[in-house]
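Student: Quick one: the structure is below, and I'll ask about it shortly.
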Amino acid sequence: MRKGSKESTYRSSRPRKRVFSGNQSTKDDNAPRGQSASAKKLNTAQSEEIPVYQSHCYRILDFITVFTALSDLLVCRECKQTVSFAQSANRGLGFKILLSCRCGRRHISSSPFINNSYEINRRIVFVMRLLGISREGINLFCSLMDLGKGISTNAYYAILQHIYDASRIVFLLLRKKAVREEQVENEQRERPSNNLKVSGDGSWQKRGFSSLYAVTTLIGYYSGKVIDLVVKGSYCQACVLWKSKEGTDEYLEWAEAHEDECCINHDGFSGKMEVDSIKEMFARSEEELDVRYGNYIGDGDSKTFNGILDLNPYGDDCTVITNECIGHVEKRMSTRLRNLKRKEKLGGRGKLTDILIK
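Under the UniProt record's numbering, the first residue of the sequence shown carries the number 1, and numbering increases by one thereafter.
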C-alpha cells in the first residue's frame, strides 16, 4: 500500500505509543487495588448478629379519622357498649390515648414511655441532630406537619444529655474492642502488644483559626479504627444565655451546677486544639486502656510532636517515635506541582499532566 494514500492508516512520522505496564519486578497481581480504608475495615470487621423486628415501626396517621372509624366498629368486651377515643397527657410528639366506655377509662401510650420520656421524642431529636437540625427546626417541622407543639427547651436538653450518655457508653466499649484488635495485630507482627502505633489528626468545625469546635482522633495503624478521641470547644450556648444574670444569686447557683457539664474546655486559638487534644489522649492511655502509644504517625505538623516530646507521657523508658504520613507528603507535593504547572509552561513529550500528578 502506497505511503500517504487515503487507504493507509499508518503515519511514519508518529511513533507508536508503548503501553505502560508498571514496574514488572515489583508488580503484584494479587495485591488489592483501589481499596479504600473503609472497605478494608469492613472486610476485617467481626460482624455481630443483631435481631431486627420488622413489625416495630412508626406511622403518621390522622387521629380523628382513624379513631372515629374504630369507635364506630368496636364495642367493649365487658359492658358491650361503644367506646370513644381521645388524647391526653401530651408530651412533645408522645401522648396518651384515652379509651372511654361505661366501664370507665383506660390510658394507652402512643409510644414506649421510658424514664419519664416518650421514645418518639428521643428518636426525633436524635435523627434531627444527625441531619444538623436543632430544637427550633424540630418545632418548625412539627408545626408545619400539625404534629403538636413540638419539644420544650427542658425536654430537649434532657434528651440531648440522654443521647450523649448512651453514645459515650457505646464509644467506650468500641474503643476497648479496637485496642484489643490492635494488640492482636501487634502480636502477629512480633511487636509488643501494649506498645501501639497510632496516627492522629484533627478536624475543625470550619476553616481558619476562628473555629469554635474541633475533634481530634487517634487511629490504630493496623486496624484503622478509632482508639480515642477528644472534642474541644471554646463556646457554650448555656453560658451565653445566662450571661445577662451574671452576679446574681441565681447565676451563682446555676454556675456551680453547670461547671461539670460546660462545653468550654479550651482556652486559646483554635489551631492549638489539636495539639492539646493529642497530649491529653497520650497522657491517659495507660490509665484508661493500659497501653502506650510508642509510635506516632503525624501529618507533618511539628508542633504536635514537639508537644508530645515535651509532655514525655511514658518517661525515659519509652520515648515516642514519630513517623511521617505519606498521604500528607503526597498531598503537599501534588499542590506544589499543580502550582508549578500553572506558572510554568511544561509541554512536549512526558509533560506534567494532572493525571501524572495524581
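Here a beta-carbon is modelled for each residue, glycine too, at the ideal position from N, C-alpha and C. Computed from a prediction, not measured in an experiment: that's the story for all the values here.
Over what stretch of residues does the alpha helix (DSSP H) that includes Thr-65 continue unbroken?
Tutor: As a first step, residue 65 is located in the sequence shown; it is residue number 65 there, counting from the start. Run containing Thr-65: 63 to 73, per the alpha helix (DSSP H) assignment.
Student: Between Ser-193, Val-230, Lys-243, Glu-256, which has its C-alpha nearest Gln-183's C-alpha?
Tutor: If you number the sequence shown from 1, residue 183 lands on position 183. Ranking Ser-193, Val-230, Lys-243, Glu-256 by Cα distance to Gln-183 puts Ser-193 first.
Student: Here's the rule I'm using: 16 or more other beta-carbon atoms within 10 Å means buried, otherwise exposed. How should Met-273 be labelled?
Tutor: Numbered from its first residue, the sequence shown carries residue 273 at position 273. So Met-273 ends up on the buried side.
Student: For Asp-316, collect the residues of the same chain with a Cβ closer than 7 Å to its Cβ; drop the 5 residues on either side in sequence, then sort them by chain order.
Tutor: For this step, residue 316 is matched to residue 316 along the sequence shown. So no residue of the chain qualifies.
Student: For Gln-183, does the three-state DSSP call read helix, strand or coil?
Tutor: Position 183 of the sequence shown, counting from 1, holds the residue named residue 183. In the structure shown, Gln-183 sits in a helix (DSSP, three-state: H, G or I).
Student: Can you tell me which of Pro-112, His-107, Leu-98 puts its alpha carbon nearest to the alpha carbon of Tyr-58?
Tutor: Along the sequence shown, one-based indexing puts residue 58 at 58. The option with the nearest alpha carbon to Tyr-58 is Pro-112.
Student: Would Ser-199 pass as a contact of Ile-219 if the rule is Cβ separation under 7 Å?
Tutor: As a position in the sequence shown, residue 199 is number 199, starting the count at 1. As a position in the sequence shown, residue 219 is number 219, starting the count at 1. Yes, they are a contact pair.
Student: What number of angstroms, rounded off, separates the C-alpha of Cys-71 from the C-alpha of Val-83?
Tutor: Position 71 of the sequence shown holds residue 71. Position 83 of the sequence shown holds residue 83. The displayed chain sequence assigns Ser, not Cys, to residue 71. Approximately 6 Å, taken between the alpha carbons.
Student: Applying the criterion that 16 or more other CB atoms from any shown protein chain within 10 Å of the CB defines a buried residue, is Met-281 buried or exposed?
Tutor: The count along the sequence shown starts at 1 and reaches residue 281 at position 281. Counting Cβ neighbours within 10 Å, Met-281 comes out buried, since at least 16 surround it.
Student: May I ask you to list the residues that DSSP assigns as paired with Gln-87?
Tutor: Here residue 87 is taken as the residue at index 87 of the sequence shown, counted from 1. Per DSSP, Ile-97.
Student: Quick check: the Cα distance between Arg-338 and Asp-267, rounded to an integer number of angstroms?
Tutor: Indexing the sequence shown from 1 puts residue 338 at position 338. Indexing the sequence shown from 1 puts residue 267 at position 267. Their Cα atoms are separated by approximately 37 Å.
Student: Would you give the residue range spanned by the beta strand (DSSP E) that His-56 belongs to?
Tutor: Numbered from its first residue, the sequence shown carries residue 56 at position 56. His-56 -> no beta strand (DSSP E), and no H or E assigned at all.
Student: With distance defined between alpha-carbon atoms, name the residue in Leu-289, Asn-295, Val-320, Pro-313 nearest to Arg-175.
Tutor: Mapped onto the sequence shown, residue 175 falls at position 175. For the residues Leu-289, Asn-295, Val-320, Pro-313, the minimum Cα distance to Arg-175 belongs to Leu-289.
Student: For Asp-276 and Val-230, I'd like the C-alpha separation in whole angstroms.
Tutor: The count along the sequence shown starts at 1 and reaches residue 276 at position 276. The count along the sequence shown starts at 1 and reaches residue 230 at position 230. Rounded to the nearest angstrom, the two C-alpha atoms are 9 Å apart.
Student: Taking the alpha-carbon positions, what's the Asp-228 to Asp-310 distance?
Tutor: By 1-based counting over the sequence shown, the position of residue 228 is 228. By 1-based counting over the sequence shown, the position of residue 310 is 310. Roughly 21 Å between the two C-alpha positions.
Student: Rounded to whole angstroms, what is the Cα-Cα separation between Ser-117 and Ile-124?
Tutor: As a first step, residue 117 must be located in the sequence shown, where it is residue number 117. As a first step, residue 124 must be located in the sequence shown, where it is residue number 124. Cα to Cα, the separation comes out at about 12 Å.
Student: Can you tell me whether Gly-132 is buried or exposed? The criterion is at least 16 other CB atoms within 10 Å of its CB, across all chains shown.
Tutor: The residue labelled residue 132 in the question sits at position 132 within the sequence shown. By the neighbour-count rule (16 or more Cβ atoms within 10 Å), Gly-132 is not buried but exposed.
Student: Report back the beta-carbon spacing between Phe-67 and Phe-85 to the nearest angstrom; my notes put them in contact at under 8 Å.
Tutor: As a first step, residue 67 must be located in the sequence shown, where it is residue number 67. As a first step, residue 85 must be located in the sequence shown, where it is residue number 85. Between Phe-85 and Phe-67 the Cβ distance is about 4 Å, and since that is below 8 Å, they are a contact.
Student: Taking only the alpha-carbon atoms, compute the straight-line gap between Asn-30 and Ile-308 and give it to the nearest angstrom.
Tutor: Here residue 30 refers to the residue found at position 30 when the sequence shown is read from its first residue. Here residue 308 refers to the residue found at position 308 when the sequence shown is read from its first residue. Its pLDDT being 48, under 50, Asn-30 is placed unreliably by the model, and nothing is read from it.
Student: Between Ala-283 and the ligand FMN, is there a pair consisting of the residue's CB and a ligand heavy atom that are separated by less than 6 Å?
Tutor: For the structure depicted, the ligand FMN is absent and the ligand set is empty, with no information on it obtainable.
Student: Would you mind working out which of Trp-242, Ser-270, Phe-269, Ile-60 sits nearest Glu-259, comparing C-alpha positions?
Tutor: Locating residue 259 in the sequence shown gives position 259, counting from the first residue. Answer by Cα proximity: Trp-242.
Student: Taking the straight line between their C-alpha atoms, what separation do you get for Val-179 and Asn-186?
Tutor: Translated into the one-based positions of the sequence shown, residue 179 becomes position 179. Translated into the one-based positions of the sequence shown, residue 186 becomes position 186. Each residue's Cα considered, the two are about 10 Å apart.
Student: Hey, could you find the ends of the alpha helix (DSSP H) Ser-302 is sitting in?
Tutor: Taking the first residue of the sequence shown as 1, we reach residue 302 at position 302. Segment 302 to 311, the alpha helix (DSSP H) holding Ser-302.
Student: Exposed or buried, what is Asn-121 when buried is set at 16 or more other beta-carbons lying within 10 Å of its beta-carbon?
Tutor: To locate residue 121, count along the sequence shown from 1; it is residue 121. Asn-121 is buried by the Cβ-count criterion.
Student: Could you name the residues that DSSP lists as bridge partners for Ala-214?
Tutor: Numbered from its first residue, the sequence shown carries residue 214 at position 214. Answer is Trp-204, Lys-232, bridged to Ala-214.
Student: Just the C-alpha distance for Gly-224 and Phe-141, rounded to the nearest angstrom, thanks.
Tutor: On the sequence shown, residue 224 is found 224 positions in, with the first residue counted as 1. On the sequence shown, residue 141 is found 141 positions in, with the first residue counted as 1. Straight-line Cα distance between these residues: approximately 39 Å.
Student: Going by DSSP in three states, Thr-319 sits in which element: helix, strand or coil?
Tutor: In the sequence shown, the residue the question calls residue 319 occupies position 319. Here Thr-319 sits in coil by DSSP.
Student: Taking the alpha-carbon positions, what's the His-162 to Leu-130 distance?
Tutor: What you label residue 162 is simply residue 162 of the sequence shown in a count that begins at 1. What you label residue 130 is simply residue 130 of the sequence shown in a count that begins at 1. The alpha-carbon atoms of His-162 and Leu-130 are separated by roughly 15 Å.
Student: Have a look at Ile-114 and Ile-159 and give me their C-alpha separation to the nearest angstrom.
Tutor: Position 114 of the sequence shown, counted from the first residue, corresponds to residue 114. Position 159 of the sequence shown, counted from the first residue, corresponds to residue 159. The alpha-carbon atoms of Ile-114 and Ile-159 are separated by roughly 12 Å.
Student: Closest by CA to Cys-76, which one among Leu-61, Gly-92, Arg-102, Asn-90?
Tutor: Position 76 of the sequence shown, counting from 1, holds the residue named residue 76. Out of Leu-61, Gly-92, Arg-102, Asn-90, Arg-102 has the C-alpha closest to the C-alpha of Cys-76.
Student: Specify the secondary structure class of Thr-248 as computed by DSSP and reduced to three states.
Tutor: Residue numbering aside, residue 248 sits at position 248 when the sequence shown is read from its first letter. If DSSP states are grouped into helix, strand and coil, Thr-248 belongs with coil.
Student: For the alpha helix (DSSP H) containing Gly-104, list its first residue and its last residue.
Tutor: By one-based count along the sequence shown, residue 104 stands at place 104. Note, Gly-104: premise wrong, no alpha helix (DSSP H); beta strand (DSSP E) at 104 to 109.
Student: Does DSSP put Leu-140 in a helix, a strand or coil?
Tutor: The residue given as residue 140 occupies position 140 in the sequence shown. In this structure, Leu-140 counts as helix in the three-state DSSP scheme.
Student: Compare the C-alpha of Trp-254 against each of Ala-238, Ile-264, Asn-265, Cys-263 and name the closest.
Tutor: Here the question's residue 254 lines up with position 254 in the sequence shown. Here the closest residue by C-alpha is Ala-238.
Student: If we count the other Cβ atoms within 10 Å of its Cβ and call it buried at 16 or more, is Val-127 buried or exposed?
Tutor: Taking the sequence shown and counting its residues from 1, one reaches residue 127 at position 127. Val-127 should be labelled exposed.
Student: How would you write the range of the alpha helix (DSSP H) that Ile-124 sits in, first residue to last?
Tutor: If you number the sequence shown from 1, residue 124 lands on position 124. Here the alpha helix (DSSP H) through Ile-124 covers 119 to 130.
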